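Trainee: Here's a structure for you.
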Amino acid sequence: MVHSTSPRRVGIAGALVAALALSACSASEASSPAAGGDGEPVVGGTLTYLEHQAYTSLYPPSAGFYPNGALVNNLTARLLHQDPETLELEPWIATALPEVNDDATEYTFDIRTDVTYSDGTPLTAENVVANIELFGTGDTDRALIVSEAINDFTAGEVVDEDTVRFTFSAPAPGFAQAVSTINSGLLADATLERDSEGFGPGNATEIIGAGPFVVESEEVGTSIRLAAREDYAWAPASAENQGRPYVDAVDIVIAPEDSVRIGALTSGQAHIARQVEPQHEAEVSAAGIPIVAAETNGVNNGLSFRFGHPLLEDIRVRQALIAGIDREAIVSSIFSEQYPLATSSLSQTALGYADQGDAYAFDPELANRLLDEAGWEPGADGIRVRDGERLHLVVNEALPQPRSRDVITLVAQQLREVGVELELFQGDQAAQTAASADVEQIQIYHSMVGRADFDVIKSQYSIENRSTLQNADADGEPIDAELEELLQRVASEPTVDGREEASAAIQAHLTEQAYVLPFFEEPQVYGVQPNVQGFRTESVGRPSLAAVWLED
Numbered sequence: 000m001v002h003s004t005s006p007r008r009v010g011i012a013g014a015l016v017a018a019l020a021l022s023a024c025s026a027s028e029a030s031s032p033a034a035g036g037d038g039e040p041v042v043g044g045t046l047t048y049l050e051h052q053a054y055t056s057l058y059p060p061s062a063g064f065y066p067n068g069a070l071v072n073n074l075t076a077r078l079l080h081q082d083p084e085t086l087e088l089e090p091w092i093a094t095a096l097p098e099v100n101d102d103a104t105e106y107t108f109d110i111r112t113d114v115t116y117s118d119g120t121p122l123t124a125e126n127v128v129a130n131i132e133l134f135g136t137g138d139t140d141r142a143l144i145v146s147e148a149i150n151d152f153t154a155g156e157v158v159d160e161d162t163v164r165f166t167f168s169a170p171a172p173g174f175a176q177a178v179s180t181i182n183s184g185l186l187a188d189a190t191l192e193r194d195s196e197g198f199g200p201g202n203a204t205e206i207i208g209a210g211p212f213v214v215e216s217e218e219v220g221t222s223i224r225l226a227a228r229e230d231y232a233w234a235p236a237s238a239e240n241q242g243r244p245y246v247d248a249v250d251i252v253i254a255p256e257d258s259v260r261i262g263a264l265t266s267g268q269a270h271i272a273r274q275v276e277p278q279h280e281a282e283v284s285a286a287g288i289p290i291v292a293a294e295t296n297g298v299n300n301g302l303s304f305r306f307g308h309p310l311l312e313d314i315r316v317r318q319a320l321i322a323g324i325d326r327e328a329i330v331s332s333i334f335s336e337q338y339p340l341a342t343s344s345l346s347q348t349a350l351g352y353a354d355q356g357d358a359y360a361f362d363p364e365l366a367n368r369l370l371d372e373a374g375w376e377p378g379a380d381g382i383r384v385r386d387g388e389r390l391h392l393v394v395n396e397a398l399p400q401p402r403s404r405d406v407i408t409l410v411a412q413q414l415r416e417v418g419v420e421l422e423l424f425q426g427d428q429a430a431q432t433a434a435s436a437d438v439e440q441i442q443i444y445h446s447m448v449g450r451a452d453f454d455v456i457k458s459q460y461s462i463e464n465r466s467t468l469q470n471a472d473a474d475g476e477p478i479d480a481e482l483e484e485l486l487q488r489v490a491s492e493p494t495v496d497g498r499e500e501a502s503a504a505i506q507a508h509l510t511e512q513a514y515v516l517p518f519f520e521e522p523q524v525y526g527v528q529p530n531v532q533g534f535r536t537e538s539v540g541r542p543s544l545a546a547v548w549l550e551d
């Protein structure tokens, strides 16, 4: 049945009126958006979705930033699909799970022959190989990075018109899961020819995928409209909607100001809002709007201490920082029950999680003693000094993470009590990214990363990937070779038991060396109007919108 609506057009705030008039929605009897409604899905209507930040790139290996991933997740199809609850893999563009040789260095996929891209071109074996080869090797001339989800890639091969094979120089047990992620979203041949700028803002309508939606229009930094692809008919078997999306369109509106985003949601001007901050959850709930907190199954929100910097190379200083920070006070004072206190660098739902017990206990007396032993003496203003140098450290603001500035403000207050001066680096996302790559500018890095595979811990800490610890010397060699060896091992052990052991060893090493301080298990928190049915997220909390429908 067709859902015909003539919604009242209203603006969120002055800054958004010129960008997009938002569709007003009426509240109906509440039902869980995570579970879907009991009625028959309704076809038609426009979903209004509020995003916290604008996207930066739609090149799949660069799509980890949640605003990027929300788009790529709905524009592309992948070889496999990962169930967000069980984390099991199932076929999508592949017709079955891959054949894998004994040491996980060779993967063979049979692929569907009835899939087309939104520009009408067929999704072929040659095209699949071209995608994975680009993602597995990158292209420096076009500034296209290697996917952090794909390790030790050697080559792709077209076996026949519906069979492809990929080989690796070392065991790659995470590859099957890698091709289920948004980082391996398949693109049409014409899109694969673009450079990094061609995947950036202003080019969204030119990104051609085989997913359930296409980009109809874009107002750079302000809004994007997704249109349902009418002929989409190759959803994974577990998908609740096997055909075209139920809604005709999705208006994604960028609303950085919390007050604007929450006000639009609670007043009925929007259907879904991402990043409902903890301090706004009660307001959203009081308006009769359910909160959906999706697990991200990866490395927890926390701090990485860059031990290669002279101020942090002494383990006693790093241990003192950990002992001087009261995580429980921070998390309980500014977060909600959706943010469990971390018990390791990995979340409890992550593959490979190993409990680190009481490793992060708050003990200011111990912190003071360790700093005394390390030769740092309190100065006239209370900040410790050694050889004329202040114990002054700089931390980034993790703009994609909830309440990063507030977290760092409380951490700085606590560390000042033990004589450590912590400065928050100021700047927008581009400035934060640039500074964070330089250990002389940023000595402590605040971040998290989600991925439902053992490899997520390598993605965060390896010098080949995000390298949040900056564990590399001037020649690019690891400062802590044992850590890098363990990270490589978790990505190359061919058995689940071997990967679990490697992951546990990494977490223990990070704890023993006082390299990290995890704060909490970070979810993706959405406010979802009661009349929105079928809302789901993929395995690390990005929205999947093909099964969403609007209840009358």
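In numbering that gives the first Met the number 0, the protein residues as written are 0 to 551.
Glycine included, each C-beta is placed from N, C-alpha and C at the ideal position.
On a predicted model such as this, the values are computed, not experimentally measured, just so you know.
Between the segment 350-361 and the segment 400-410, can you find at least three pairs of beta-carbon atoms closer than 8 Å?
Mentor: Not touching, per the Cβ criterion.
Trainee: Rank F198, I144 and L370 by C-alpha distance to the C-alpha of E416 and give the top, closest one.
Mentor: Numbered from its first residue, the sequence shown carries residue 416 at position 417. The shortest Cα separation from E416 among F198, I144 and L370 belongs to L370.
Trainee: What are the boundary residues of the alpha helix (DSSP H) that includes I329?
Mentor: Taking the sequence shown and counting its residues from 1, the one referred to as residue 329 is at position 330. Where I329 is concerned, the enclosing alpha helix (DSSP H) stretches over R326 to I333.
Trainee: If I253 and S222 are in contact, beta carbons under 8 Å, what's the gap, nearest whole angstrom?
Mentor: The residue given as residue 253 occupies position 254 in the sequence shown. The residue given as residue 222 occupies position 223 in the sequence shown. Yes, they are in contact, since the Cβ atoms of I253 and S222 sit about 6 Å apart, within 8 Å.
Trainee: In chain order, which alpha helix (DSSP H) runs of at least 4 residues are fully inside the segment 431-491?
Mentor: Entirely contained in the segment 431-491, the alpha helix (DSSP H) runs reaching 4 residues are, in chain order, 455-460 and 480-491.
Trainee: By the 10 Å Cβ neighbour count, where 16 or more other Cβ atoms means buried, how is T554 classified, buried or exposed?
Mentor: As shown, the chain starts at 0 and ends at 551. That puts residue 554 outside it, with no answer to give.
Trainee: Over the uninterrupted beta strand (DSSP E) stretch that includes G301, give me the two end residues.
Mentor: Translated into the one-based positions of the sequence shown, residue 301 becomes position 302. Where G301 is concerned, the enclosing beta strand (DSSP E) stretches over V298 to F304.
Trainee: To which residues of the same chain is A34 closer than 8 Å at the C-beta, ignoring the five residues directly before and after it?
Mentor: Taking the sequence shown and counting its residues from 1, the one referred to as residue 34 is at position 35. Its pLDDT being 37, under 50, A34 is placed unreliably by the model, and nothing is read from it.
Trainee: Determine the DSSP secondary structure at S543, reduced to helix, strand or coil.
Mentor: Against the sequence shown, residue 543 aligns to sequence position 544. Reduced to three states, the DSSP call for S543 is strand.
Trainee: Does DSSP put R535 in a helix, a strand or coil?
Mentor: As a working note, residue 535 is residue 536 in the sequence shown. Residue state, collapsed to three classes: strand.
Trainee: Using only CA atoms, which one of D151, G155 and F134 lies nearest to V145?
Mentor: Residue numbering aside, residue 145 sits at position 146 when the sequence shown is read from its first letter. Ranking D151, G155 and F134 by Cα distance to V145 puts F134 first.
Trainee: Identify whether V259 lies in helix, strand or coil by the three-state DSSP scheme.
Mentor: By 1-based counting over the sequence shown, the position of residue 259 is 260. Correct three-state label for V259: helix.
Trainee: Kindly indicate which residue of D113, V41, Q52 and F518 has the alpha-carbon position closest to the one of S331.
Mentor: Here residue 331 corresponds to residue number 332 of the sequence shown, with the count starting at 1. Out of D113, V41, Q52 and F518, F518 has the C-alpha closest to the C-alpha of S331.
Trainee: Please report the distance separating the alpha-carbon of E215 from that of E420.
Mentor: Numbered from 1 along the sequence shown, position 216 holds the residue referred to as residue 215. Numbered from 1 along the sequence shown, position 421 holds the residue referred to as residue 420. If I take the Cα positions, the gap works out to 49 Å.
Trainee: How many whole angstroms separate the CB atoms of R450 and V539, which I take to be in contact at a CB cut-off of 8 Å?
Mentor: Start at 1 with the first residue of the sequence shown, and residue 450 comes out as number 451. Start at 1 with the first residue of the sequence shown, and residue 539 comes out as number 540. Rounded, the Cβ-Cβ distance is 6 Å, consistent with contact.
Trainee: According to the Cβ coordinates, are D194 and N126 closer than 8 Å?
Mentor: Stepping through the sequence shown from its first residue, residue 194 is reached at position 195. Stepping through the sequence shown from its first residue, residue 126 is reached at position 127. No, these two residues do not count as a Cβ contact at 8 Å.
Trainee: Would you check if the segment 250-268 and the segment 466-478 touch, i.e. whether three or more CB-CB distances between them fall below 8 Å?
Mentor: Contact between the segment 466-478 and the segment 250-268 is absent, because fewer than three Cβ pairs lie under 8 Å.
Trainee: Extract the residue ranges of the beta strand (DSSP E) inside the segment 141-188, only unbroken runs of 3 or more that lie entirely within it.
Mentor: Counting only runs of 3 or more, we get 152-159 and 162-167.
Trainee: Hey, T139 and T153: beta-carbon distance below 8 Å or not?
Mentor: The sequence position of residue 139 within the sequence shown is 140, counting from 1. The sequence position of residue 153 within the sequence shown is 154, counting from 1. Their beta carbons are not under 8 Å apart, which means T139 does not touch T153 by this criterion.
Trainee: Opposite S344 in the DSSP bridges: which residues?
Mentor: Here the question's residue 344 lines up with position 345 in the sequence shown. According to DSSP, S344 bridges with nothing at all.
Trainee: Measure the alpha-carbon distance for D380 versus A285 and round it to whole angstroms.
Mentor: Position 381 of the sequence shown holds residue 380. Position 286 of the sequence shown holds residue 285. Going by the C-alpha atoms only, they are around 46 Å apart.
Trainee: Pull up the DSSP beta-bridge partners for L49, would you.
Mentor: For the purposes of this step, residue 49 is taken as the residue at position 50 of the sequence shown. DSSP, once it has assigned bridges, lists V252 and A272 as partnering L49.
Trainee: Does DSSP classify S284 as helix, strand or coil?
Mentor: Here the question's residue 284 lines up with position 285 in the sequence shown. S284 falls in the helix class under three-state DSSP.
Trainee: Leaving out the 5 sequence neighbours to the left and right, which residues in its chain are closer than 7 Å to P339 when beta-carbon positions are compared?
Mentor: Locating residue 339 in the sequence shown gives position 340, counting from the first residue. Excluding positions up to five away in sequence, the list reads F519 and E520.
Trainee: Mind checking whether W375 and R368 have CB atoms under 8 Å apart?
Mentor: For the purposes of this step, residue 375 is taken as the residue at position 376 of the sequence shown. For the purposes of this step, residue 368 is taken as the residue at position 369 of the sequence shown. Result no, Cβ atoms of W375 and R368 do not sit closer than 8 Å.
Trainee: Tell me where the alpha helix (DSSP H) around F64 begins and ends.
Mentor: On the sequence shown, position 65 is the one that residue 64 refers to. Per DSSP, F64 belongs to no alpha helix (DSSP H) and is neither H nor E.
Trainee: Run through DSSP, which three-state label would E98 get?
Mentor: Locating residue 98 in the sequence shown gives position 99, where the first residue counts as 1. E98: strand per DSSP, three-state reduction.
Trainee: Going by DSSP, what residues sit across from A557 in a beta bridge?
Mentor: Because the chain in this structure spans residues 0 to 551, residue 557 falls outside the shown range and cannot be described.
Trainee: Measure the Cβ-Cβ separation of G199 and T295 and say whether it is below 8 Å.
Mentor: For the purposes of this step, residue 199 is identified with residue 200 of the sequence shown, where counting begins at 1. For the purposes of this step, residue 295 is identified with residue 296 of the sequence shown, where counting begins at 1. Cβ atoms of G199 and T295: not closer than 8 Å.
Trainee: Across which residues does DSSP place A93 in a beta bridge pair?
Mentor: On the sequence shown, position 94 is the one that residue 93 refers to. In DSSP, A93 forms a bridge with I110.
Trainee: Looking at C-alpha atoms only, which residue of H279, A232, Q176 and V524 is the closest neighbour of E89?
Mentor: On the sequence shown, position 90 is the one that residue 89 refers to. If we check each option's Cα against that of E89, Q176 comes out closest.
Trainee: Going by beta-carbon coordinates alone, are N150 and A129 separated by less than 8 Å?
Mentor: Walking along the sequence shown from the start, residue 150 turns up at place 151. Walking along the sequence shown from the start, residue 129 turns up at place 130. In this structure, A129 does not lie closer than 8 Å to N150 by Cβ.
Trainee: Does the beta-carbon distance from L392 to L310 come in below 8 Å?
Mentor: Here the question's residue 392 lines up with position 393 in the sequence shown. Here the question's residue 310 lines up with position 311 in the sequence shown. Taking 8 Å as the Cβ cut-off, L392 and L310 qualify as a contacting pair.
Trainee: Using the rule of at least 16 other Cβ atoms within 10 Å of the residue's Cβ for burial, across every protein chain shown, is G38 buried or exposed?
Mentor: Taking the sequence shown and counting its residues from 1, the one referred to as residue 38 is at position 39. By the 10 Å Cβ count, G38 comes out exposed.
Trainee: Taking Cβ to Cβ, would you say A272 is nearer than 8 Å to Y65?
Mentor: Counted from its first residue, the sequence shown places residue 272 at position 273. Counted from its first residue, the sequence shown places residue 65 at position 66. No, the Cβ-Cβ distance between A272 and Y65 is not below 8 Å.
Trainee: Please classify D250 as buried or exposed, where buried requires at least 16 neighbouring CB atoms within 10 angstroms.
Mentor: In the sequence shown, the residue the question calls residue 250 occupies position 251. So D250 ends up on the buried side.
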